[in-house]
Amino acid sequence: MRLYVVGGGPAGISAAIWARRLGLDPVVVERAATLGGQLRDVTLPIPDLPGWPNLEAQELVQRLKAHLAWLEIPVISGREAVAFEPDAQRLTFADGGVERCTHLIFAPGLRVRRLEVDGEDQIREQSVAEFLRQAGGRRHRCLVVGGGDRALEAASRLAEAGHETVVVHRRDRFRARRQFRERLEASGAMVLWNTSVRAIATGPDGYTVALQQPGRRLQLEVDEVFVRIGMEPDFKPGIPLQDPDGRVAVVGDAATDTPLRSIVSALAGGMAGARAILRSSDRA
Ligand SMILES: Cc1cc2nc3c(=O)[nH]c(=O)nc-3n(C[C@H](O)[C@H](O)[C@H](O)COP(=O)(O)OP(=O)(O)OC[C@H]3O[C@@H](n4cnc5c(N)ncnc54)[C@H](O)[C@@H]3O)c2cc1C
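With the working numbering, letter number 121 in the sequence shown gets 152, and the count goes up by one each step, no holes.
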């Protein structure tokens, strides 16, 4: 048996830990340079991890990494898996590499949903953390689209770092939780309510964003655009989500209904995935 765990967020890490505990030999593959998944973007202390009130997300990442290291589970970072063929026992990577793989635990988490407007493909894809690292001393004009936790977290961080930040939200209230709303309010970011994005034009110095409000159109010139309108599972067409012989288990946020998506459910999902793979390998 050759087991790969694709995705190095809480679900993938938990799956690998449980797989080892169940006597399997997993290898973790992560597309990003570092492990942690969405935890890499969490800056507020985590209030709802039972037993660890207000644990810093980065501390949790360090603990999860240390747990993998303690169990001597190999981790391959900076590689994206794009296809798995169970019968051919092939796991294929975006860089063209192929590894022998008989069983897969797929824990890809979520990707940002698209606005579906003209010009969207030209937006520079970057995390807020990446932008802040590279922004230097200049005050940038930043536009954040969305009204959930992720959008408000992004906007708060940008405004707190001194960037002129505007949040565009299509409704008249945020769906984000109170702690995120309060942080945004204190950050000094401006909010355009009942506003939707119609198109985005990319120029040499940034973006011109066409906006629609009830009864009027307006345009904003900004340096950076961050679309944070919601998330969807980060599936790959080449990776099957089911296998008649149970050689694939999909776990974590990608396999969980929206209200239940959380660190706790990701950790539990990882365990369930490892058990499912063990059952399938016992049958083989
Ligand atoms: C701002 C913010 C605040 C949050 N606050 C809380 C909170 O207070 N409490 C709570 O319980 N939860 C919170 N969450 C949610 C929590 O972080 C997620 O539920 C959890 O991280 C989901 O884990 P996961 O492993 O399923 O997915 P992710 O954490 O998204 O990890 C998936 C990983 O898989 C990698 N990957 C994807 N596709 C591939 C591929 N093809 N090849 C290789 N690697 C791949 C990705 O790069 C990523 O690292 C928060 C999330 C955010 C963004």
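The beta-carbon is built from N, C-alpha and C at its ideal position, and this holds for glycine as well.
Fair warning: this is a prediction, and the values are worked out from it, not measured in the lab.
**Q.** Whether Glu319 touches Cys173 by CB criterion (8 Å)
**A.** The first residue shown for the chain is 32 and the last is 315, placing residue 319 beyond what the model contains.
**Q.** Residues bridged to Gln243 [DSSP beta-bridge criterion]
**A.** Ser227, Arg248
Q) For Met302, which of helix, strand or coil comes out of DSSP? A) helix
Q: Give the straight-line distance between the Cα atoms of Arg306 and Ala50, rounded to the nearest whole angstrom.
A: 7 Å
Q.
Taking the straight line between their C-alpha atoms, what separation do you get for Val199 and Cys132?
A. 44 Å
Q | Leu183 versus Gly277: straight-line alpha-carbon distance, rounded | A | 39 Å
Q. Comparing the CB of Asp265 with every heavy atom of ligand 3, is any distance shorter than 7 Å?
A. For the structure depicted, ligand 3 is absent and the ligand set comprises only ligand 1.
**Q.** Residues bridged to Pro57 [DSSP beta-bridge criterion]
**A.** Leu34
Q. For Phe115, which residues does DSSP report across the bridge?
A. Leu122
Q: On a CA-only basis, which of Gly167, Asp203, Met302, Asp313 is nearest Val36? Give me that one, please.
A: Met302
Q.
Please list the terminal residues of the continuous beta strand (DSSP E) segment that includes Arg155.
A. Note, Arg155: premise wrong, no beta strand (DSSP E); not H, not E.
Q. In the stretch 136-210, which residue ranges form an unbroken alpha helix (DSSP H) of at least 4 residues, counting only runs that do not cross its ends?
A. 159-165, 180-191
**Q.** Rounded separation between Gly168 and Asp313 - CA only
**A.** 58 Å
Q: Please classify Gly269: is it buried, with 16 or more other beta-carbons within 10 angstroms of its beta-carbon, or exposed?
A: exposed
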